[in-house]
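The structure appears below as structure tokens.
Protein chains: 2
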Amino acid sequence: MPFDLDTYLRTKKILIEDKLDLLLRNPGSPLGTLEESIRYSALAGGKRLRPILAIASCEAVGGSPEQALPVACAIEMIHTYSLVHDDLPSMDDDALRRGVPTNHTVFGEAAAILAGDALLTDAFNVMVDQGLAAGVSPALLCEAVRDISHAAGSKGMIKGQAIDLDIEVAGEDSGEVTLSGIERMHSLKTGALIEVSVTAGAKIGGADESQIERLALYGQSIGLAFQIIDDVLDVEGGGDIGKETGVDARNEKSTYAGIAGIDESKKRASELTSTAVAALDIFDEKAEALRAIALYMGGRNY
Amino acid sequence: MPFDLDTYLRTKKILIEDKLDLLLRNPGSPLGTLEESIRYSALAGGKRLRPILAIASCEAVGGSPEQALPVACAIEMIHTYSLVHDDLPSMDDDALRRGVPTNHTVFGEAAAILAGDALLTDAFNVMVDQGLAAGVSPALLCEAVRDISHAAGSKGMIKGQAIDLDIEVAGEDSGEVTLSGIERMHSLKTGALIEVSVTAGAKIGGADESQIERLALYGQSIGLAFQIIDDVLDVEGGGDIGKETGVDARNEKSTYAGIAGIDESKKRASELTSTAVAALDIFDEKAEALRAIALYMGGRNY
Chain A
1 MPFDLDTYLR TKKILIEDKL DLLLRNPGSP LGTLEESIRY SALAGGKRLR
51 PILAIASCEA VGGSPEQALP VACAIEMIHT YSLVHDDLPS MDDDALRRGV
101 PTNHTVFGEA AAILAGDALL TDAFNVMVDQ GLAAGVSPAL LCEAVRDISH
151 AAGSKGMIKG QAIDLDIEVA GEDSGEVTLS GIERMHSLKT GALIEVSVTA
201 GAKIGGADES QIERLALYGQ SIGLAFQIID DVLDVEGGGD IGKETGVDAR
251 NEKSTYAGIA GIDESKKRAS ELTSTAVAAL DIFDEKAEAL RAIALYMGGR
301 NY
Chain B
303 MPFDLDTYLR TKKILIEDKL DLLLRNPGSP LGTLEESIRY SALAGGKRLR
353 PILAIASCEA VGGSPEQALP VACAIEMIHT YSLVHDDLPS MDDDALRRGV
403 PTNHTVFGEA AAILAGDALL TDAFNVMVDQ GLAAGVSPAL LCEAVRDISH
453 AAGSKGMIKG QAIDLDIEVA GEDSGEVTLS GIERMHSLKT GALIEVSVTA
503 GAKIGGADES QIERLALYGQ SIGLAFQIID DVLDVEGGGD IGKETGVDAR
553 NEKSTYAGIA GIDESKKRAS ELTSTAVAAL DIFDEKAEAL RAIALYMGGR
603 NY
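Keeping their order, the protein sequence lines are chains A and B. So for the first sequence, the working numbering puts the first residue at 1; every next one is plus one. So for the second sequence, the working numbering puts the first residue at 303; every next one is plus one.
Encoded structure:
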């Protein structure tokens, strides 16, 4: 019987969104602008790819979804904060996200900055507080805090965003934007958090070193494939990415698809998907969800 | 022999700033705008009150400065991020901080937002990574991450800033700004991080519950006194706070001094200082630094 990815994704999405809804409530006090702004972006939908990867990876090494859920939710909160801040007028200046007006468009810049700050800070609270409550050991939680803060911080995601802004300012004409430069930017800006979703979930589930190594390669590969496909979708206008297509071209941003061309980009994404699936060959059927996710992401609607 | 607070503060400031300088280097790669912007604000001086409190509190219960240093530096990084974001045009729109141009004035808004995000994220990395290296147990580090993220997050410092922005928008005329409202805002906006500096430092040093309880009261009291005195200095223009005086009045911000008057504010600050010192009466001479800091802060130059 083939793996039923649709049901898997739907079930895990509900698990994650119910937990996030609960975590982001403040029982007993009316919602202020801060809470509204936080909930607006955190509960606005999205694929929940990163937290699902954390859970699937935990399951792949024999762990339970419940063990990984705190770290999964924390990573989604960090991802959401990064979207809220990236959309700000002084950054990418986007008006739409996931098909709805961006946070600052609705609540104003100050509230959007604070909502992002709060989601980032509270993510570490959720990781540890809920992680301990789920029975995860303090040693494993310290490792999760360390790995995730590294992936999201000045040597990971934030560095990627800084490089992306520099590229945007420099433009294509500077001649300095190369394919490997774009790959490096993507591997930091989106890849680092996707990779750590996979490895942190697995560590919580009790993975050994050789398993972590394979899963890191899996995470790197799908992360980069994911971004290249996003670029392609942006050019071709296919898929359902909930934002204006062609927006990257408007910003004169250099993209993988823009430099390598559509065909080459699709080929590279396909290679990366194969690498990801091959990295899982030491795992048994408990890794079916990870395999199916890689193939699903590699075959998105273009 | 009276306690030599000057030497204590100077020595600890050097310890903290040397460590921060080391932590915020990226050996082997040239400084990009992101790193420059981070270092500009994190190494721009300041009293280093919060990290010194963490160290002094650790020492008060018999711990060493080295044990507390990672948590101390992490708290100072969180404090610095909050200043960088609070100064942004969409927030308090300040051009000067600690006597020099604010981060966004020098590096632009996008870089300032990213530098703040990076300092906040990296703070949790420093806390755990350096904490483990200093021999602090994973269980204590989890508690530090939990306590500090709570104090800095949506139910602490960030909520205080959100309330402060609301007060500013509403203005004094709304009739809703009361002294207890101002105290609540301060206790969240600046008090929560000062209090957790004291309690987190003590926990790392091995404090028991009754010690933590006393130190929490100490931290709450000096935190509020500190803010009330800042308000008074702002009105009177005394002291050396490195920013334009009268700036709060210009923003039509409601301050403690503005509502209660200067005399009443000084009286309240003096009471709070006494409460702080009294809270330390179960501690021996190892708490001399904490006592001296409370008296020093309570007697600032007004």
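Where is the CB? At the ideal position from N, CA and C, for every residue including glycine.
Taking the beta carbon of T335/B as reference, the chain A residues within 9 Å of it are A162, L165, D166, listed in sequence order.
For S265/A, no chain B residue has a C-beta closer than 7 Å to its own C-beta; the minimum C-beta separation is roughly 27 Å. The continuous stretches of alpha helix (DSSP H) do not include M393/B, and DSSP gives it neither H nor E.
Here A225/A is not near T190/A, since their CB atoms are 8 Å or more apart. Shown here, V438/B sits in coil according to DSSP, grouped into three states, outside any helix or strand. Distance between V363/B and T33/A, taken at the CA atoms: about 41 Å. No Cβ-Cβ contact shorter than 8 Å links A559/B with S572/B. At a C-beta separation below 9 Å, P30/A has no neighbours in chain B, since its nearest C-beta there lies roughly 13 Å away. The straight-line gap separating the alpha-carbon atoms of V177/A and L165/A is approximately 12 Å.
Using a CB distance below 7 Å, the part of the segment 126-149 of chain A facing chain B consists of V128, D129, L132, P138, A139, L141, C142, V145, R146, S149, ordered along the chain. Counting C-beta pairs closer than 8 Å gives fewer than three between the segment 456-466 of chain B and the segment 369-379 of chain B, which falls short of the contact rule. Shortest Cα-Cα distance from L422/B to any of Y383/B, G462/B, I340/B involves Y383/B. For I282/A and A123/A, the gap between their C-alpha atoms comes out near 32 Å.
Residue environment analysis places L390/B among the buried positions, since at least 16 neighbouring C-beta atoms fall within 10 angstroms of its C-beta. If you ignore the 5 residues before and after E411/B, its C-beta comes within less than 7 Å of the C-beta of L390, P391, all in its own chain and listed in chain order.
Residue-level contact check: T178/A does not touch chain B, since none of the beta carbons of chain B fall below 8 Å from its beta carbon. P70/A carries a helical assignment under DSSP once its states are collapsed to helix, strand and coil. Within the model, the alpha-carbon separation for K159/A versus D4/A is close to 37 Å.
The Cβ of A376/B sits no closer than 8 Å to any Cβ of chain A. Counting C-beta pairs closer than 8 Å gives three or more between the segment 354-361 of chain B and the segment 592-601 of chain B, which meets the contact rule.
From the beta-carbon of M393/B, the residues of chain A found nearer than 9 Å are E109, A110, I113, L114.
Nearest Cα to S499/B within the set L325/B, D308/B, L351/B: L351/B. The beta carbon of G521/B is closer than 6 Å to those of I496, E497, V500 in its chain, skipping five residues each way along the sequence.
Residue contact with chain A for T501/B: absent (no Cβ-Cβ distance below 8 Å to any residue of chain A).
S451/B and K267/A have their C-alpha atoms some 44 Å from each other. Taking the Cα positions, A139/A is about 25 Å away from L322/B. Using a 10 angstroms sphere on the CB of T255/A, the tally of other CB atoms reaches 16 or more, which defines it as buried. P403/B is bridged by DSSP to L398/B.
Taking the C-beta atoms as reference points, L333/B is found no nearer than 8 Å to A344/B. DSSP, read as helix, strand or coil, puts T199/A in helix. For the segment 313-330 of chain B, the set of residues with a beta-carbon nearer than 8 Å to any beta-carbon of chain A comprises N328, in chain order. Only residues of its own chain outside the window of five on either side were considered, and among them T335, L336, S339, N405, H406 have a CB closer than 8 Å to the CB of A413/B, listed in chain order.
In this structure, DSSP gives T190/A a helical state, which the three-state scheme calls helix.
Interface criterion not met: the Cβ of G508/B is under 8 Å from no Cβ in chain A. Taking a Cβ-Cβ cut-off of 7 Å, the neighbours of K159/A in chain B comprise L336, given in sequence order.
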